[in-house]
Amino acid sequence: MFYLITQYKILKFCLFYWIKEKQPKESSLNVKLDYLYKKLRLPKKSIYYHVMTLSECGYLNHIYEKDNSHSFKPTKDGWHYYLNLKSKLWRIAFDCIWAIILVVIGFLIGV
Numbered sequence: 010m011f012y013l014i015t016q017y018k019i020l021k022f023c024l025f026y027w028i029k030e031k032q033p034k035e036s037s038l039n040v041k042l043d044y045l046y047k048k049l050r051l052p053k054k055s056i057y058y059h060v061m062t063l064s065e066c067g068y069l070n071h072i073y074e075k076d077n078s079h080s081f082k083p084t085k086d087g088w089h090y091y092l093n094l095k096s097k098l099w100r101i102a103f104d105c106i107w108a109i110i111l112v113v114i115g116f117l118i119g120v
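This is the structure we're talking about:
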C-alpha cells in the first residue's frame with residue numbers, strides 16, 4: 010500500500026505541476042528531479058525509483074537534459090493511471106475502515 014501511495018504522490022505532483030507554476034493546463038511543463046527531491050518529503054532513493062518506474066511504464070516521459078539533469082513530463086496514460094490509482098486507494102481505505110468496524114462490532118457482541 011505504501012508503494013501505491015508513493016506512486017500516487019509523485020504522479021499527482023507531476024500532473025498538477027502546471028497549477029503551481031500558474032500556467033495554463035495545455036502547457037506541458039517538465040518537472041525536474043531535483044525539484045521533486047526538494048518538494049516531496051520522501052527519501053531520494055524512493056523518489057528516483059518510483060519516477061523511473063513510472064517513466065518505464067509510460068506514465069511519465071523521461072527527458073535527459075544536456076546539463077545531466079532528469080526531467081519528467083506527464084502523459085495521457087499517466088492521467089488514466091492516476092485516476093485508477095486514486096480509486097484503488099479509496100477502495101483500500103474503505104475496506105480497512107469496514108474491517109475495523111466489523112472487528113469492533115464482533116468485540117462488542119463477544120463482551
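In this text, residue positions in the sequence shown follow our numbering: the first is 10, and each later residue adds one. Even for Gly, the Cβ is constructed at its ideal location relative to N, Cα and C. All figures in this text were calculated on a predicted structure; none of them were measured in a lab.
Check your understanding: Along the chain, which unbroken stretches of the beta strand (DSSP E) at least 3 residues long are found entirely within the segment 41-96?
Key -> 69-73, 79-83
**Study point:** Pairwise C-alpha distance: SER64 and LEU98
**Key:** 21 Å
Review point. Exposed or buried, what is PHE25 when buried is set at 16 or more other beta-carbons lying within 10 Å of its beta-carbon?
Key: exposed
**Study point:** Cβ-Cβ distance between TYR68 and LEU20 below 8 Å
**Key:** yes
Review point. When we look at the beta-carbon of PRO83 and count the other beta-carbons within 10 Å, is it buried (16 or more) or exposed?
Key: buried
Practice item. Can you say whether TYR46 is buried or exposed, counting buried as having 16 or more other CB atoms within 10 angstroms of its CB? Key: exposed
Check your understanding: Do HIS59 and THR15 have their C-beta atoms within less than 8 Å of each other?
Key -> yes
Exercise for review: Look at the alpha carbon of LYS48 and the alpha carbon of PHE22, and state the distance between them as a whole number of angstroms.
Suggested key: 9 Å
Exercise for review: Could you confirm whether any beta carbon from chain C is found closer than 8 Å to the beta carbon of LEU98?
Suggested key: Among the chains of the structure shown, chain C does not appear; only one protein chain is present.
Exercise for review: Using beta-carbon positions only, say whether PHE81 and VAL40 come within less than 8 Å of one another.
Suggested key: yes
**Study point:** Residue environment, TYR91, which counts as buried when at least 16 other CB atoms sit within 10 Å
**Key:** buried
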